[in-house]
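Novice: Pasting in a structure now, in structure tokens, and then I'll have a few things to ask.
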Amino acid sequence: QVQLVESGGGLVQPGGSLRLSCAASRSIVSADVMAWYRQAPGKQRELVAVITSSVMTNYRDSVKGRFTISRDSAKNTVYLQMNSLKPDDTATYFCNMVFRAVGYWGQGTQVTVSS
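For the sequence shown, the residue numbers in the numbering used here are 5 to 119.
Spelled out as structure tokens, the structure:
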């Protein structure tokens with residue numbers, strides 16, 4: 005069993021920045037993949053960014069150049085640095101870990117981009 009706890013969400017103005025954190029209850033080095041997803045009201049959950057066990061990263065097109073996923077293995081924490089935020093980025097952001105082909109989810113953290 006893996007527990008994931010997200011933090012760092014909040015209300016920010018357009019053009020602002022936030023950094024989300026996802027603390028895992030076990031070593032993230034052994035994870036197959038760690039990722040951030042988001043889900044806006046009335047929409048499907050979508051993949052935002054992924055970081056693999058070999059520290060390769062990938063992003064959905066709409067966040068490329070604005071968001072950065074990273075990890076701190078010593079703290080078992082994955083981050084999502086979000087810059088130049090737009091109202092369309094408003095959603096609940098979820099951390100996901102795939103470990104031994106099993107997916108685990110955090111409870112989510114709300115990000116609201118509004119003036």
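Even glycine gets a Cβ: it sits at the ideal position worked out from N, Cα and C.
Quick one: what does DSSP say Ala78 is sitting in, helix, strand or coil?
Specialist: Within the sequence shown, residue 78 is the residue found at index 74, counting from 1. Here Ala78 sits in helix by DSSP.
Novice: Counting pairs of beta carbons, one from the region 8 to 24 and one from the region 45 to 57, are three or more of them closer than 8 angstroms?
Specialist: no
Novice: Output needed for Ala105: all residues of its chain with C-beta closer than 8 angstroms, excluding positions within five of it in sequence on either side, in chain order.
Specialist: Taking the sequence shown and counting its residues from 1, one reaches residue 105 at position 101. Within the same chain, and ignoring the five residues on either side of Ala105 in sequence, the residues whose Cβ sits closer than 8 angstroms to its Cβ are Asp36.
Novice: From which residue to which residue does the beta strand (DSSP E) around Ile55 run?
Specialist: Indexing the sequence shown from 1 puts residue 55 at position 51. Segment 50 to 56, the beta strand (DSSP E) holding Ile55.
Novice: Between Val67 and Leu89, what straight-line distance do the alpha-carbon atoms span, to the nearest angstrom?
Specialist: Translated into the one-based positions of the sequence shown, residue 67 becomes position 63. Translated into the one-based positions of the sequence shown, residue 89 becomes position 85. Looking at the two C-alpha atoms, the distance is approximately 9 angstroms.
Novice: Under a Cβ-count criterion, where at least 16 other Cβ atoms within 10 Å of its own Cβ denotes burial, should Asn100 be classed as buried or exposed?
Specialist: In the sequence shown, counting from the first residue as 1, residue 100 sits at position 96. Classification of Asn100: buried, given that the 10 Å Cβ count is 16 or more.
Novice: Taking the alpha carbon of Asp92 as the reference point, which residue from Gly110, Tyr83, Phe98, Pro45 has its own alpha carbon closest?
Specialist: Position 88 of the sequence shown, counted from the first residue, corresponds to residue 92. If we check each option's Cα against that of Asp92, Pro45 comes out closest.
Novice: Which residues mark the beginning and the end of the beta strand (DSSP E) in which Met101 is found?
Specialist: Looking up residue 101 in the sequence shown gives position 97. Counting along the chain, the beta strand (DSSP E) containing Met101 begins and ends at 95 to 103.
Novice: State yes or no: is the C-beta of Tyr71 within less than 8 angstroms of the C-beta of Tyr83?
Specialist: By 1-based counting over the sequence shown, the position of residue 71 is 67. By 1-based counting over the sequence shown, the position of residue 83 is 79. The question names Tyr, yet the displayed sequence has Phe at residue 71. Their beta carbons are not under 8 angstroms apart, which means Phe71 does not touch Tyr83 by this criterion.
Novice: Let me check one thing: in DSSP terms, what residues is Asn62 bridge-paired to?
Specialist: Along the sequence shown, one-based indexing puts residue 62 at 58. Assignment of beta-bridge partners to Asn62 by DSSP yields Val54.
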